[in-house]
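Asker: Submitted below is the structure of interest, expressed as C-alpha cells.
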C-alpha cells in the first residue's frame, strides 16, 4: 500500500518532466500540420483537419527536396568512408602484429584530438579548402566530416577489436588468408555490433552538423538541412506553419529510425560520451 | 629432425616469423588512409592556425602574410573587451549547465530505476531532444520564448505569474539563462540514460546486503549508489563542461550573440571576427582560437586529473 502511494507520488515529477521534454516538439509537430493562418488564430490548436499537403509543398516549393538530398549525400557518403577507414585503422591500432615504433604516441595524439575545439582547425581548413578548390563543394564538407569524427570512431573500434582473441585470426592465417582478406572475412563481420554503434553515432553527427557547414558552404543549392533552416528562419520568419513543416522534414528521418531501434541509438550516442 | 621441421613448422615458428620483418605493407594498408585524413584535415590545420596566429592575413589581398609576433595575443588579452565578455559567457555556461544537467539527470535516473510503470517509454521520450540538430532546437525554442504566444510565458500566465512573463531573448540578463535552459533540455535526458546504465551495472548483491543490514532507500542511495556512480558522474561533468565551452550553433541560430554581447561565446566570436566583421584578417581570430584551445585543453586535462583521481577514463 505504502509503495503504491509512493510510486504514484513519483509519477508527478516524471510526468512534469515529460511535458517539459516532449512538449516543445509535440507542439511543433502539431503546427507542422496546420496552416499559418490557423496557427495565428490559435497557437495551441489541434491539427484538425491535418494538412498533410504542407509536406508536399515544403518539399517541392520551398527547396526542402534539394536540402534533403544534399544532407543525404553528405551523410551517407561520409558514414560509408568513415566506417571503412575507421574500422581498418581501429584494427591496425589494436593488434600487436602491426606495432611499430611511433604507433602508441600516434594513438595518444589521436585520442587527445577528440577534445580539440573545432575553432582551432576551422579557419585554416577554410584556407586549405579554398586552395584546393574544395570550398563550397559537398566533397570538401564530406572530407572534413570524416576527418573530424575519425578519432572517436577509431578509439571505439580499437577497443572492440582488442577484445577479439588473436587465436581466431591465427587460424585464418594458417588457412592461407592474407591480412587484408582475413580482416574483411573474419574480423569485420565479428565487429558488426561495434561498427553499427559508430555508424549510428556518426550518422546523427553528420546529419545534424552545423558549424562546418556554416563556414564551408555559401551557395544556396548545396546547403544541408541544418544550414537551410538557419536561413529559412530569417527568410520566412512569419510563415511559422511552413517552417514547422520544414523542421519535421529535417528531424523525422532520425526520429523514425530512433523509434524502431532506440536501443541501438542510445548505445551509439552514449558510446560517443567519450567525446569531450 | 630438420626434414620434419621443414614440412611441419611448429607453432613457435609461425608466431615468430612475422616479427622478423614487420608487415609494413599491411600496416600501411590499414593505418595509411586514416592517418592521411588525420594529418591533412586535423594536424596540418591545427599547425597552420598556430602559425597564422602570429601573422596578419589579408583575405582581400590574396592571403598575404605579415609577421606580427605576439601582437594579436596582446590585443586579445589586454584590449579586447568582447573577447573577455564572450569568455565569461562561455565559462558561465560551462559552470551552470552541469549544475543543472547532472543533478536533474540523477533524480530522473533514480525515479526510472525504482520500477515505475512505462519506464522505457519515458526514457525514450527524454532522450529524444538530443537527436535533433541545433538549428531545429533553436527554432523551436525561439517559439517557446516568444513573448505573446510562447510556451514559457503562457505557462507563467497560467500559473498566475504573468508579471514575470517577458521577452526572454531580448534582455542581456535573461538571454543567457534562457539558452542554458535549452541545453539542459537537450542533455538532461542523455545524462540520465548514461547514469541509468551505470546504476544497472551495480551488482544487486551490494544493495541486497545493505538492505539486510537495515539501510533504507535514502542511505542506500547516498552510501552505495552515488559513490559507485562517481566515475560516471565525473565523466559526464567533464563532457558537459567542455561541450558548453565549445557552444556555437545554438547561439548562432537563436541570438547571434546578442543582445549586447549577452550570449556571445568564444566560438561565435571567432567566426564573427573571421567572416562577418569586415576586418578581413584571419590572423586575429586564429589567435583567439589558439588561446581558447589552450584553455579548453588545459581544463580538460586538469579536470580529469582533479576529479578522477586516477580512476580510469572509461566508456
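Chains as they are written, first to last, in my numbering: chain A, 1 to 276; chain B, 1001 to 1315. C-beta atoms are modelled at their ideal positions from N, C-alpha and C, and glycine is treated no differently.
Tell me the residue span of the alpha helix (DSSP H) that contains residue 1326/B.
Answerer: Since the first residue shown for chain B is 1001 and the last is 1315, residue 1326/B is missing from the structure and cannot be characterised.
Asker: DSSP state of residue 1281/B, grouped into three classes?
Answerer: Taking the first residue of the second chain as position 1, residue 1281/B is located at position 281. The answer is strand: DSSP assigns residue 1281/B an E or B state.
Asker: Distance, Cα to Cα, residue 1078/B vs residue 1255/B?
Answerer: As a working note, residue 1078/B is residue 78 in the second chain. As a working note, residue 1255/B is residue 255 in the second chain. Near 27 Å, if we compare the C-alpha coordinates of residue 1255/B and residue 1078/B.
Asker: At which residues does the beta strand (DSSP E) containing residue 1064/B begin and terminate?
Answerer: Walking along the second chain from the start, residue 1064/B turns up at place 64. 1064 to 1067 is the extent of the beta strand (DSSP E) around residue 1064/B.
Asker: To which residues of the same chain is residue 1094/B closer than 6 Å at the C-beta, ignoring the five residues directly before and after it?
Answerer: Along the second chain, one-based indexing puts residue 1094/B at 94. Closer than 6 Å at the Cβ level, and outside the excluded window around residue 1094/B, lie 1241, 1244 and 1245.
Asker: Pick helix, strand or coil for residue 1116/B, following the three-state DSSP scheme.
Answerer: What you label residue 1116/B is simply residue 116 of the second chain in a count that begins at 1. Three-state result, residue 1116/B: coil.
Asker: Three Cβ pairs or more, each shorter than 8 Å: is that satisfied between the stretch 46 to 60 of chain A and the stretch 114 to 129 of chain A?
Answerer: Flag = no, the stretch 46 to 60 of chain A and the stretch 114 to 129 of chain A do not touch.
Asker: If you drop the 5 nearest sequence neighbours on each side, which residues of the same chain put their C-beta closer than 6 Å to that of residue 1206/B?
Answerer: By one-based count along the second chain, residue 1206/B stands at place 206. Result list for residue 1206/B: 1224, in chain order.
Asker: Cβ of residue 1093/B less than 8 Å from any chain A Cβ?
Answerer: On the second chain, residue 1093/B is found 93 positions in, with the first residue counted as 1. False, the Cβ-Cβ gap to chain A never drops below 8 Å.
Asker: Please report whether the beta-carbon of residue 282/A lies at a distance below 8 Å from any beta-carbon of chain B.
Answerer: One cannot answer for residue 282/A here, as it falls past the ends of chain A, which runs 1 to 276.
Asker: Going by DSSP in three states, residue 1246/B sits in which element: helix, strand or coil?
Answerer: In the second chain, counting from the first residue as 1, residue 1246/B sits at position 246. In this structure, residue 1246/B counts as coil in the three-state DSSP scheme.
Asker: Along chain B, which residues have their Cβ under 9 Å away from the Cβ of residue 294/A?
Answerer: With chain A covering only 1 through 276, there is no way to say anything about residue 294/A.
Asker: So for residue 1307/B, helix, strand or coil by DSSP?
Answerer: On the second chain, residue 1307/B is found 307 positions in, with the first residue counted as 1. Note: residue 1307/B maps to helix in three-state DSSP.
Asker: Less than 8 Å separating the beta-carbons of residue 1068/B and residue 1056/B?
Answerer: As a position in the second chain, residue 1068/B is number 68, starting the count at 1. As a position in the second chain, residue 1056/B is number 56, starting the count at 1. The answer is yes: Cβ separation under 8 Å.
Asker: Does the Cβ-Cβ distance between residue 1172/B and residue 97/A come in under 8 Å?
Answerer: In the second chain, counting from the first residue as 1, residue 1172/B sits at position 172. In the first chain, counting from the first residue as 1, residue 97/A sits at position 97. Going by C-beta atoms, residue 1172/B is not nearer than 8 Å to residue 97/A.
Asker: Looking at the C-beta of residue 67/A, does it have a partner C-beta in chain B at a distance below 8 Å?
Answerer: Here residue 67/A is taken as the residue at index 67 of the first chain, counted from 1. Cβ-Cβ to chain B under 8 Å: no for residue 67/A.
Asker: In the structure shown, what three-state DSSP assignment does residue 1006/B receive?
Answerer: On the second chain, position 6 is the one that residue 1006/B refers to. With a pLDDT of 41 at residue 1006/B, under the threshold of 50, the modelled position of this residue cannot be trusted, and the question is left open.
Asker: I need the straight-line Cα distance from residue 170/A to residue 84/A, nearest angstrom please.
Answerer: Taking the first residue of the first chain as position 1, residue 170/A is located at position 170. Taking the first residue of the first chain as position 1, residue 84/A is located at position 84. Distance between the alpha carbons of residue 170/A and residue 84/A is about 22 Å.
Asker: Report the residues of the stretch 134 to 154 of chain A with a CB closer than 8 Å to any CB of chain B, ordered along the chain.
Answerer: Answer set for the stretch 134 to 154 of chain A: 143, 144, 146, 147, 148, 150, 151 and 154.
Asker: If we define contact as Cβ-Cβ less than 8 Å, is residue 268/A a contact residue for chain B?
Answerer: Position 268 of the first chain holds residue 268/A. Answer no: the Cβ-Cβ gap between residue 268/A and chain B never drops below 8 Å.
Asker: Suppose you measure from the CA of residue 245/A to the CA of residue 54/A; what does that come to, to the nearest Å?
Answerer: On the first chain, position 245 is the one that residue 245/A refers to. On the first chain, position 54 is the one that residue 54/A refers to. Answer to the nearest angstrom: the Cα atoms are 7 Å apart.
Asker: Under the three-state reduction of DSSP, which class applies to residue 1023/B: helix, strand or coil?
Answerer: Your numbering for residue 1023/B matches position 23 in the second chain. Residue 1023/B: coil per DSSP, three-state reduction.
Asker: For the pair the stretch 20 to 30 of chain A and the stretch 1124 to 1136 of chain B, tell me if three or more CB-CB distances fall below 8 Å.
Answerer: The stretch 20 to 30 of chain A, when compared against the stretch 1124 to 1136 of chain B, does touch it at the 8 Å Cβ threshold.
Asker: Taking a contact to mean a Cβ-Cβ separation below 8 Å, would you say residue 66/A touches residue 1136/B in this structure?
Answerer: The residue given as residue 66/A occupies position 66 in the first chain. The residue given as residue 1136/B occupies position 136 in the second chain. No.
Asker: Given this structure, state the Cα-to-Cα distance separating residue 203/A from residue 1216/B, to the nearest angstrom.
Answerer: Counting from one through the first chain, the residue named residue 203/A turns up at place 203. Counting from one through the second chain, the residue named residue 1216/B turns up at place 216. Cα to Cα, residue 203/A sits roughly 44 Å from residue 1216/B.
Asker: Does the stretch 158 to 174 of chain A come close enough to the stretch 29 to 48 of chain A that 3 or more CB-CB pairs lie under 8 Å?
Answerer: Short answer: they don't touch.
Asker: I'd like the ranges of any alpha helix (DSSP H) spanning at least 4 consecutive residues and lying wholly in the stretch 149 to 226 of chain A.
Answerer: Counting only runs of 4 or more, we get 166 to 174, 179 to 182, 192 to 208 and 211 to 216.
Asker: What residue ranges within the stretch 1203 to 1271 of chain B form continuous alpha helix (DSSP H) runs of no fewer than 4 residues, ordered along the chain?
Answerer: Runs found: 1204 to 1212, 1217 to 1220, 1226 to 1245, 1249 to 1254 and 1266 to 1271.
Asker: Suppose the cutoff is 7 Å on Cβ atoms and the five residues either side in sequence are ignored; what does the same chain contact list for residue 1050/B look like?
Answerer: Position 50 of the second chain holds residue 1050/B. Hits under 7 Å: 1290.
Asker: Is the beta carbon of residue 78/A less than 8 Å from the beta carbon of residue 155/A?
Answerer: In the first chain, residue 78/A corresponds to position 78, counting from 1. In the first chain, residue 155/A corresponds to position 155, counting from 1. No, the Cβ-Cβ distance between residue 78/A and residue 155/A is not below 8 Å.
Asker: Using CA atoms only, rank isn't needed, just tell me which of 1154/B, 1286/B, 1197/B and 1034/B is closest to residue 1105/B.
Answerer: On the second chain, position 105 is the one that residue 1105/B refers to. For the residues 1154/B, 1286/B, 1197/B and 1034/B, the minimum Cα distance to residue 1105/B belongs to 1197/B.
Asker: What do you get for residue 1277/B, buried or exposed, if any count of 16 or more other CB atoms within 10 angstroms of its CB means buried?
Answerer: Position 277 of the second chain, counted from the start, is the residue given in the question as residue 1277/B. When all chains shown are included, residue 1277/B counts as exposed.
Asker: I need the DSSP call for residue 1012/B, collapsed to helix, strand or coil.
Answerer: Here residue 1012/B refers to the residue found at position 12 when the second chain is read from its first residue. The predicted model places residue 1012/B with a pLDDT of 44, which falls under 50 and marks its position as unreliable, so this point remains unresolved.
Asker: Is residue 1128/B close to chain A, meaning its C-beta is less than 8 Å from at least one C-beta of that chain?
Answerer: As a first step, residue 1128/B is located in the second chain; it is residue number 128 there, counting from the start. Chain A, which has a Cβ nearer than 8 Å to the Cβ of residue 1128/B, makes this yes.
Asker: Indicate whether residue 1189/B and residue 1259/B have their beta-carbon atoms separated by less than 8 Å.
Answerer: On the second chain, position 189 is the one that residue 1189/B refers to. On the second chain, position 259 is the one that residue 1259/B refers to. Cβ distance not < 8 Å, so residue 1189/B and residue 1259/B don't count as in contact.
Asker: Can a CB atom of chain B be found closer than 8 Å to the CB of residue 18/A?
Answerer: Here residue 18/A refers to the residue found at position 18 when the first chain is read from its first residue. Yes - at least one Cβ of chain B is within 8 Å of the one on residue 18/A.
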